[in-house]
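Counting from 1, one number per residue, gives the positions in the sequence shown under the numbering used here.
The beta-carbon is built from N, C-alpha and C at its ideal position, and this holds for glycine as well.
One structure below.
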Amino acid sequence: MRRLTVVQLLPALNAGGVERSTLEIAAALVAAGHASHVVSAGGRLVPALEAGGSTHHALPIGAKSLATPFQVFALRRLLQALKPDIVHARSRLPAWVGLGALRGLSPRPRFITTVHGLNSPGHYSGVMARGDAVICVSDTVRDYVRHHWPAAEPRLVVIPRGVDPAAFPRHARPDPSARAAVLAELALPDDTRLLLMPGRGTRLKGHADAIALLADLRAQGVPAALWLLGTDEPGREAYVAELRDLAAARGVESALRLSPPRSEVVRAYAASDLVLQLSRKPEAFGRTVIEALSVGVPVLGWDHGGVGEQLAALQPDGAVPLGDAAALLRRARALLEAPPAAPAHIPYTLAAMQQATLETYARHAG
């Protein structure tokens, strides 16, 4: 493979799946001897990106502002200087700015997009289906794009997100030391059956369903506790208060724990009896499912979107029809009483995702 110059476009480099994938591909590019550039408004992940050998260029190409379209000219000047082989857009507004910047460039870099989410159908989202290659992070996303933008069909390529098995190593279930540390941190009794629900503090993540499950389990005598890891974050105070009120109304406030996001989550997985993934909105992939199963913890989730796809492939008895609270309770009890064997092999690895992405770059760069 000849040396490539790749420019990735996204709104900012703070936290999230898009940002994480950007850094993972940037690292793979550098490791393979390619030139890696990222354009965004900046953020707390910039030092990590630059420490890995990539170059960051600060441009607000994802800001919802009347000034953003004018970034086309600044981005075009940058691309003229860098002469990239590939421009890879990971979000809608940066993709529009990127397409505008590519006009008139000769030679024209190949334009690649990654559809990270199930964006609302329409002209604005359709820019993500206009890449020379359109990377879909799951079969769920591929089917969604194919349905709403059928002209993109020949250019679709599925590259699932992946985890690094070394970063999410298999643990005993539950791991005694991790369990002792976490129960002490959360001030919970030793006989607690710990339900972990990692994720941001947004209503679509299904926290109310998790609290209802907690109440149902405890009503049946199961000493369960629910840990909403990542829910208690700045700007979400009203929502957190709403969740606490809901738990109090169900009589389980003392068994509910809410924590801010944290970068180290392996110990949380290893300490838990069951990981919940109850997003009411279909997830594009469901990386927490893969992380938990890699560590060796069973997962319970609604059977739709990327979560249903991952569970069908790796732990089918963890999938429950969307919104069926009675089935959710039955399956939770079954998984707590007789946890299934952890998958012997997790095919969705970081290395596989990185390799497939670099191969896509090489194939289209010519």
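Practice item. Would you kindly check if the distance between the Cβ of F111 and the Cβ of V141 is under 7 Å? Key: Taking 7 Å as the Cβ cut-off, V141 and F111 do not qualify as a contacting pair.
Review point. CB S120 to CB A284, shorter than 7 Å?
Key: S120 places its beta carbon 7 Å or farther from that of A284.
**Study point:** Own chain, CB closer than 6 Å to M197, minus 5 neighbours either side, in chain order
**Key:** Apart from sequence neighbours up to five positions away, the residues of its chain that approach M197 with a beta-carbon distance below 6 Å are A210, L228, L276, ordered along the chain.
Check your understanding: Quick one: Cα of P316 to Cα of Q8, how far?
Key -> Taking the CA atoms as reference points, P316 sits about 36 Å from Q8.
Exercise for review: State whether the region 224-244 contacts the region 262-275, with contact taken as three or more CB pairs (one from each stretch) at a distance under 8 Å.
Suggested key: Segments in contact, yes.
Practice item. Decide if L204 is buried, meaning its Cβ has at least 16 other Cβ atoms within 10 Å, or exposed. Key: Around the C-beta of L204, fewer than 16 other C-beta atoms lie within 10 Å, and the residue is accordingly described as exposed.
Point to revise | Contact set for G126: own chain, Cβ-Cβ below 6 Å, skip 5 residues either direction | key: Once the five neighbours on either side are set aside, the close Cβ partners of G126 are W149.
Practice item. State the Cα-Cα distance for the pair A95 and P339, rounded to the nearest angstrom. Key: Cα to Cα, the separation comes out at about 44 Å.
Review point. If you count every other CB in all the chains shown that lies within 10 Å of the CB of E359, and 16 or more means buried, which is it?
Key: By the 10 Å Cβ count, E359 comes out exposed.
Practice item. Using only alpha-carbon positions, find the residue among C136, V252, P60, V289 that is nearest to P343. Key: P343 has its Cα closest to that of V289, out of C136, V252, P60, V289.
Point to revise | First and last residue of the uninterrupted beta strand (DSSP E) at G301 | key: Start and end: 299-302.
Review point. Who are the Cβ neighbours of Y124 in its own chain at under 7 Å, not counting the five residues just before and after it?
Key: Take Y124, set aside five residues on each side of it, and the residues of its chain with a beta-carbon closer than 7 Å to its own are R92, in chain order.
Practice item. Compare the C-alpha of V252 against each of R330, G16, L118, L214 and name the closest. Key: Measuring from the Cα of V252, the nearest candidate turns out to be L214.
Point to revise | Cβ-heavy atom distance, S279 to the ligand ADP, below 6 Å | key: Of the ligands one can find in the structure shown there are none, so the ligand ADP has no counterpart to examine.
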